[in-house]
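*Asks:* Take this structure first; my questions come after.
Numbering (our numbering), first residue to last: 63 to 505.
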């Protein structure tokens with residue numbers, strides 16, 4: 063078991079300007095930021111089916127930065143003005159609206175988008191859901207972490223119906239959180255924003271790469287903490303934590319005697335000898351007396367091909383996954399507290415940038431070798447796991463995310479829900495132990 067000594071401590075301008083940077087944190091996205099040559103980072107050319115194709119760009123400003131604090135302060139003043147004018151009217155009967163739809167609900171959506179600057183008041187008109195409304199809906203969805211379909215969905219309507227006064231209080235609460243990170247965070251650091259299920263790598267004040275993430279379930283929350291990335295484990299095995307053995311593994315074995323074998327998980331007694339699966343009485347507490355270790359392997363190991371060690375007292379870490387379909391879901395609160403990363407190879411290449419002998423080619427070689435290889439970072443990289451549900455980027459783009467762990471204290475209704483077994487990309491994958499990752503041991 064690796065040393066886990068902890069360094070942890072708890073812790074648009076509204077209008078069409080929202081187009082610029084509206085892709086920030088709206089997922090699924092390309093995982094990495096590409097330098098467009100002018101300091102900004104182009105995302106992709108997004109066709110809104112409008113007269114001209116527009117280039118959507120995302121902000122390169124880290125969520126933890128003085129610029130974000132200042133922008134959020136300015137937006138709070140604007141939202142106070144919106145609230146003083148009566149906020150916005152609720153939208154009903156709009157779920158399912160799309161280009162070509164007609165009716166009074168279209169007018170309600172149009173007015174809702176105009177209030178927060180997602181749609182120019184002069185763009186289009188009438189009671190038809192035209193390309194301008196679709197573009198405004200996409201921008202609204204981007205700002206709320208929803209899939210950018212341009213069509214009204216129940217989640218989009220629910221987000222529109224969160225009151226302006228609630229959104230204002232949410233911004234005020236999160237401004238306090240943002241200000242708490244006003245010190246020197248380091249030249250290079252990592253931000254995990256839990257409610258957004260997203261990871262940013264930051265260097266010299268700019269976002270370098272952006273990664274969709276899977277974070278802790280509501281009943282197995284990812285902790286808010288400050289720590290450091292100290293080591294990369296390539297092709298790791300995984301020792302199952304005792305809590306997961308009791309809560310998940312044993313119940314699985316009671317239902318399916320082949321579960322451990324199918325997932326290449328071995329049982330070991332205290333003296334190190336391997337124990338036969340068939341010799342254990344799974345209907346008693348006997349199973350809790352053993353150690354369980356999963357073989358390394360990209361296709362079945364819960365860690366995927368990489369684990370990133372971040373010493374902390376919670377026994378959590380960052381890692382790859384053997385089931386990547388979840389990164390396409392709006393709802394990514396699916397882990398036992400650890401953080402799973404999309405495009406993990408780019409992430410660890412960035413982490414190892416200042417460690418001699420670890421360029422991208424060597425990272426790829428280590429992964430493809432299938433062998434257990436450890437790479438110790440020459441300079442540990444600060445890692446901040448945060449809980450930010452509302453903020454603004456310097457261009458005035460206002461971002462909101464569900465208060466998934468109910469920590470804002472303003473009773474923000476949930477706008478996204480866990481996908482059903484049919485809809486979930488993760489659920490349609492073979493039943494593996496990946497969904498129960500987490501814990502404080504790895505060998």
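Backbone N, C-alpha and C fix where the C-beta goes; we use that ideal spot for every residue, glycine too.
Rounded to whole angstroms, how far is the Cβ of residue 352 from the Cβ of residue 337, which I believe are closer than 8 Å?
*Replies:* 6 Å
*Asks:* Which partner residues does residue 444 have in the DSSP bridge list?
*Replies:* 290
*Asks:* Note down, in chain order, each residue of its chain lying with its Cβ closer than 7 Å to the Cβ of residue 420, except the 5 sequence neighbours on either side.
*Replies:* Apart from sequence neighbours up to five positions away, the residues of its chain that approach residue 420 with a beta-carbon distance below 7 Å are 414 and 437, ordered along the chain.
*Asks:* Leaving out five residues before and five after residue 212 in sequence, what residues of the same chain have Cβ atoms less than 6 Å from its Cβ?
*Replies:* 196, 199 and 200
*Asks:* Indicate whether the contact test is met: 3 or more Cβ pairs, each with one atom in the segment 239 to 248 and one in the segment 439 to 452, closer than 8 Å.
*Replies:* Using a C-beta cut-off of 8 Å, the segment 239 to 248 makes contact with the segment 439 to 452, since at least three inter-stretch Cβ pairs fall below that distance.
*Asks:* Given residue 131, which residues of its chain have a CB within under 8 Å of its CB, disregarding the five upstream and five downstream residues?
*Replies:* 237, 240, 241 and 244
*Asks:* Just checking my contact of residue 422 with residue 440 at CB under 8 Å: how many whole Å lie between their CB atoms?
*Replies:* Contact doesn't hold; Cβ gap of about 17 Å is too wide.
*Asks:* Quick one: grab the DSSP three-state call for residue 279.
*Replies:* strand
*Asks:* I need the DSSP call for residue 376, collapsed to helix, strand or coil.
*Replies:* coil
*Asks:* Rank 144, 210 and 204 by C-alpha distance to the C-alpha of residue 160 and give the top, closest one.
*Replies:* Out of 144, 210 and 204, 210 has the C-alpha closest to the C-alpha of residue 160.
*Asks:* Name the one or two DSSP bridge partners that residue 333 has.
*Replies:* In the DSSP output, where bridge partners are listed per residue, residue 333 has none listed.
*Asks:* Taking the alpha carbon of residue 332 as the point to measure from, which residue in 346, 350 and 326 has its own alpha carbon closest?
*Replies:* 350
*Asks:* Closest to residue 226 by CA distance: which of 395, 141, 406 and 460 is it?
*Replies:* Ranking the options by Cα distance to residue 226, first place goes to 141.
*Asks:* Note down, in chain order, each residue of its chain lying with its Cβ closer than 6 Å to the Cβ of residue 315, except the 5 sequence neighbours on either side.
*Replies:* 321 and 344
*Asks:* Assuming contact is defined by CB atoms lying nearer than 8 Å, are residue 207 and residue 463 in contact in what I supplied?
*Replies:* yes
*Asks:* Span of the beta strand (DSSP E) holding residue 265?
*Replies:* 260 to 265
*Asks:* Okay, do the segment 285 to 299 and the segment 264 to 273 touch, 3+ Cβ pairs below 8 Å being the bar?
*Replies:* Verdict: no, contact absent.
*Asks:* Please tell me whether residue 277 and residue 401 are closer than 8 Å, where the distance is taken between their beta carbons.
*Replies:* For residue 277 and residue 401, yes; Cβs fall inside 8 Å.
*Asks:* Looking at the secondary structure, which residues open and close the beta strand (DSSP E) in which residue 250 lies?
*Replies:* 250 to 255
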